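Anchor point for the sequence shown: position 253 equals 375 in the numbering used here, and the numbering is continuous, going up by one each time. Taking it in order: structure first as structure tokens, then the write-up.
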Amino acid sequence: MPDPRTFEIKGTILKETEKALLLSLPDGKQEWFPKSTITSSFIPNQSEAQDFIIAKWILEKKGLIRESKNVNIIGHSGSEDYLRDRLLRKGLDGFNSFKDIQYFKSNFSKILKTSTVEERQKLNKIIANLKLKEFDLKERLEEKKTELEQSLIQEKSELMDNPIDSKAKKKIKKIDKTLEKKLDKPFKKDIKQIKKTEKAHIKREKNLEKAVEKKVSHLHKAQDIIQANQPFFVGAIGETAVIKELRKLPETYYI
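This is the structure:
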């Protein structure tokens with residue numbers, strides 16, 4: 123009686139390491155299998171297909187067979203695989219099953235609207251935080267300038283309380299000039315940071331809608347791919363329906 127924990131699958135060895143085999147499977151997929159999960163013997167460096175008895179859990183984990191209480195189904199709907207591959211090639215994830223693709227297609231308008239609102243809220247929050255940062259920086263700058271101003275006034279007062287010589291006169295003149303025209307000079311870095319922050323939130327506000335569109339562009343891209351491959355979408359509906367019915371067969375069947 124065959125071990126229910128294993129499954130026989132045909133494959134060709136493409137690469138072998140000390141602990142794993144890279145197999146090419148009948149459906150064209152290439153997968154690595156730990157040797158510890160292969161219970162059958164195999165011929166190394168064999169260029170022809172061989173039968174491998176592999177632990178079911180690794181096949182299920184890789185999606186090569188689907189766990190079922192009845193029939194064991196090898197592989198997937200070809201149309202579903204094609205659609206998911208097209209989406210994945212464009213860097214679009216989240217489509218882990220045909221149900222995900224169906225849900226996205228049926229609810230595209232709702233998903234787009236919700237995502238647009240969420241992305242706009244996120245970007246507005248970033249803008250608000252930048253404005254708050256600018257306010258805090260300006261407030262801190264004013265505190266620093268006030269502290270410096272008071273310090274200079276105090277220094278001038280102390281100089282004038284004593285006999286004034288040429289050195290003191292020069293010092294007082296420098297203090298007056300700083301108070302009148304150069305109070306910002308010691309805080310160039312602070313002023314630069316304020317301007318940079320101000321520029322950042324102004325730019326984000328100006329380009330807000332473009333930024334929102336960019337954030338949801340992947341949704342439009344996914345919708346375009348699904349629409350452009352409508353025959354495969356329709357095919358996947360039929361194929362997944364057939365697979366669902368095949369699951370009702372006795373567990374001794376393998377398809």
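Every residue, glycine too, gets a C-beta built ideally from N, C-alpha and C. A quick note: this is a predicted structure, and the numbers were derived from the prediction, not measured.
Euclidean distance between Cα positions of residue i and residue j
i    : j    : result
Q315 : E271 : 21 Å
F230 : G185 : 27 Å
I313 : S201 : 60 Å
P308 : T300 : 10 Å
E335 : N351 : 24 Å
I294 : K278 : 6 Å
N192 : E140 : Because the pLDDT at N192 is just 47, under 50, the model does not fix this residue reliably, and the value given afterwards should be weighed accordingly. Whole-angstrom Cα-Cα distance: 36 Å.
I347 : K311 : 50 Å
E153 : E361 : 24 Å
D306 : D258 : 17 Å
L378 : T268 : Nothing about residue 378 can be read from this structure; the chain reaches only from 123 to 377.
K157 : N218 : 27 Å
Contact check, residue i vs residue j, beta carbons under 8 Å
i    : j    : result
E327 : I248 : no
F164 : F155 : no
L147 : I160 : no
L245 : L330 : yes
E320 : E265 : no
L234 : V338 : yes
A333 : L252 : no
K151 : L144 : no
L214 : A344 : yes
G216 : A171 : no
Limits of the alpha helix (DSSP H) - the one that residue i falls within
i    : result
F155 : That residue, F155, is in no alpha helix (DSSP H); its beta strand (DSSP E) goes 152-156.
T268 : 230-282
I135 : Counting along the chain, I135 falls outside any alpha helix (DSSP H), though it belongs to the beta strand (DSSP E) covering 128-138.
G200 : 200-211
Start-to-end residues for the beta strand (DSSP E) that takes in residue i
i    : result
L143 : 142-146
D173 : 172-177
Cβ-heavy atom distance, residue i to the ligand PLP, below 7 Å
i    : result
K332 : Judged by which ligands are present, the structure shown has none, so any question about the ligand PLP falls away.
Subject >> Sufficient close CB pairs (3 or more, under 8 Å) joining the segment 175-188 to the segment 203-214 >> reply: no
Original post:
Should the segment 348-364 be regarded as contacting the segment 210-223, the criterion being three or more beta carbon pairs within less than 8 Å?
Top reply: yes
Original post:
In the segment 298-338, which residue ranges form an unbroken alpha helix (DSSP H) of at least 4 residues, counting only runs that do not cross its ends?
Top reply: 310-328, 330-337
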